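What follows is a single structure, written as structure tokens, with notes after it.
Residue numbers (our numbering): 519 to 761.
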């Protein structure tokens, strides 16, 4: 699989990626139905879904403010989905802007806290964390070749393969730096959209309490390092935003 190096317009960091933005979008759209099915499908409560949409799109509207004047952003078609799953406390993002939150997690959150979760997931998309993971996996195991075939639209490869590939990517824990970066992006978007970014800290406390000392919410297993994340928010991110 071929990978490319480029500078991320939102973070300013050089990264090695496996997919173009168009391929990211194709992969996310192809894998979204299977990922929803794994959590009982989409929630039937239209009012609750409307809230998810409103908060998510309000955050996305402020993504251009993350860019310096000399950089052009990526027009990802973000979509936000409320899953029917009432037991699994989780939220996740697919490459290209498909973002999901379970009813089990959404039901625990205020609107500001919901903005924190969704903003964090938007951060993963903008920073291309899954794309970078696929580049690393492809270099090591040939996974990227399958991704390239899948999103290339070749016959015989459909949404099921997309879902399987997305599942493999999502099962990989985000690294500490990925989490810190997504928290920073999410906090900025919250601030710009009129939400209180300090609620990100309370989100992490809610997730920790939800673990009950056991295996923990699924969100925490794939989004690790809560202690260092809280420390960075308190000492670095929030002071820069005037909190």
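All C-beta atoms, glycine included, are put in the ideal place defined by N, C-alpha and C. Since we're looking at a predicted model, the values are computed, not measured.
Original post:
For the putative contact between residue 602 and residue 557, defined by C-beta atoms under 8 Å, what is the C-beta separation to the nearest angstrom?
Top reply: If you number the chain shown from 1, residue 602 lands on position 84. If you number the chain shown from 1, residue 557 lands on position 39. Going by Cβ atoms, the distance from residue 602 to residue 557 rounds to 7 Å, so yes, they are a contact pair.
Original post:
Which partner residues does residue 540 have in the DSSP bridge list?
Top reply: Numbered from its first residue, the chain shown carries residue 540 at position 22. Residue 540 is not bridged to any residue.
Subject >> Range covered by the beta strand (DSSP E) that runs through residue 619 >> reply: In the chain shown, residue 619 corresponds to position 101, counting from 1. Segment 616-620, the beta strand (DSSP E) holding residue 619.
Original post:
Quick one: Cα of residue 571 to Cα of residue 654, how far?
Top reply: Position 53 of the chain shown, counted from the start, is the residue given in the question as residue 571. Position 136 of the chain shown, counted from the start, is the residue given in the question as residue 654. When rounded, the distance between both Cα atoms is 32 Å.
Original post:
For residue 713, is the classification buried or exposed, using 16 other Cβ atoms within 10 angstroms of its Cβ as the cut-off for buried?
Top reply: Along the chain shown, read from residue 1 onward, the residue named residue 713 stands at position 195. The residue in question, residue 713, is buried, as its Cβ has 16 or more Cβ neighbours within 10 Å.
Original post:
Is DSSP giving residue 535 helix, strand or coil here?
Top reply: Within the chain shown, residue 535 is the residue found at index 17, counting from 1. The three-state secondary structure of residue 535, taken from DSSP, is strand.
**OP:** Determine the extent of the beta strand (DSSP E) in which residue 599 is found, giving its start and end residues.
**Re:** Numbered from 1 along the chain shown, position 81 holds the residue referred to as residue 599. Note, residue 599: beta strand (DSSP E), 597-601.
Original post:
For the alpha helix (DSSP H) that residue 576 lies in, which residues bound it at each end?
Top reply: Along the chain shown, one-based indexing puts residue 576 at 58. Counting along the chain, the alpha helix (DSSP H) containing residue 576 begins and ends at 564-578.
**OP:** Quick one: residues in its chain with C-beta nearer than 6 Å to the C-beta of residue 752, no 5 flanking neighbours on either side, listed in chain order?
**Re:** As a first step, residue 752 is located in the chain shown; it is residue number 234 there, counting from the start. In its own chain, leaving out the 5 sequence neighbours on each side, no residue places its CB closer than 6 Å to the CB of residue 752.
**OP:** Keeping to the same chain, check which residues put their C-beta closer than 8 Å to that of residue 756; ignore five residues upstream and five downstream.
**Re:** Locating residue 756 in the chain shown gives position 238, where the first residue counts as 1. Here the set comprises 705, 715, 716.
**OP:** Please classify residue 754: is it buried, with 16 or more other beta-carbons within 10 angstroms of its beta-carbon, or exposed?
**Re:** In the chain shown, the residue the question calls residue 754 occupies position 236. Under this definition residue 754 is an exposed residue.
**OP:** Could you tell me the boundaries of the alpha helix (DSSP H) in which residue 745 lies?
**Re:** Looking up residue 745 in the chain shown gives position 227. From DSSP, the alpha helix (DSSP H) with residue 745 extends over 744-750.
Original post:
Among the residues of its own chain, which have a CB less than 6 Å from the CB of residue 525, if the five just before and after it don't count?
Top reply: Sequence index remark: in the chain shown, residue 525 carries index 7 (1-based). Here the set comprises 532.
Subject >> Same chain, Cβ closer than 6 Å to residue 539, five either side skipped, listed in chain order >> reply: The count along the chain shown starts at 1 and reaches residue 539 at position 21. Only 592 meet the Cβ criterion.
Original post:
First and last residue of the alpha helix (DSSP H) that includes residue 523?
Top reply: Within the chain shown, numbered from 1, the residue matching residue 523 stands at position 5. Element bounds for residue 523: not the alpha helix (DSSP H) but the beta strand (DSSP E), 522-525.
**OP:** Identify whether residue 718 lies in helix, strand or coil by the three-state DSSP scheme.
**Re:** Taking the first residue of the chain shown as position 1, residue 718 is located at position 200. Correct three-state label for residue 718: helix.
Original post:
What is the C-beta distance between residue 719 and residue 640, in whole angstroms, given that I count them as a contact (C-beta under 8 Å)?
Top reply: Locating residue 719 in the chain shown gives position 201, counting from the first residue. Locating residue 640 in the chain shown gives position 122, counting from the first residue. Between residue 640 and residue 719 the Cβ distance is about 18 Å, and since that is not below 8 Å, they are no contact.
Subject >> DSSP three-state assignment for residue 560, whether helix, strand or coil >> reply: What you label residue 560 is simply residue 42 of the chain shown in a count that begins at 1. In the structure shown, residue 560 sits in a strand (DSSP, three-state: E or B).
Subject >> Simplified DSSP assignment, three categories, for residue 674 >> reply: Taking the chain shown and counting its residues from 1, one reaches residue 674 at position 156. Bear in mind that the predicted position of residue 674 carries a pLDDT of just 40, short of 50, making it too unreliable to give a figure here.
Original post:
Are the beta-carbon atoms of residue 560 and residue 585 separated by less than 8 Å?
Top reply: Counted from its first residue, the chain shown places residue 560 at position 42. Counted from its first residue, the chain shown places residue 585 at position 67. No, the Cβ-Cβ distance between residue 560 and residue 585 is not below 8 Å.
Subject >> Beta bridge counterpart(s) of residue 611 as assigned by DSSP >> reply: Here residue 611 refers to the residue found at position 93 when the chain shown is read from its first residue. Paired residues: 617.
Subject >> Top-ranked residue by Cα proximity to residue 535, from 701, 708, 698, 648 >> reply: Looking up residue 535 in the chain shown gives position 17. When each option's Cα is compared against that of residue 535, the closest is 648.
Original post:
Could you give the distance in angstroms between the alpha-carbon of residue 620 and the alpha-carbon of residue 521?
Top reply: Residue mapping note: residue 620 aligns to position 102 of the chain shown, counting from 1. Residue mapping note: residue 521 aligns to position 3 of the chain shown, counting from 1. Those two C-alpha atoms are separated by around 33 Å.
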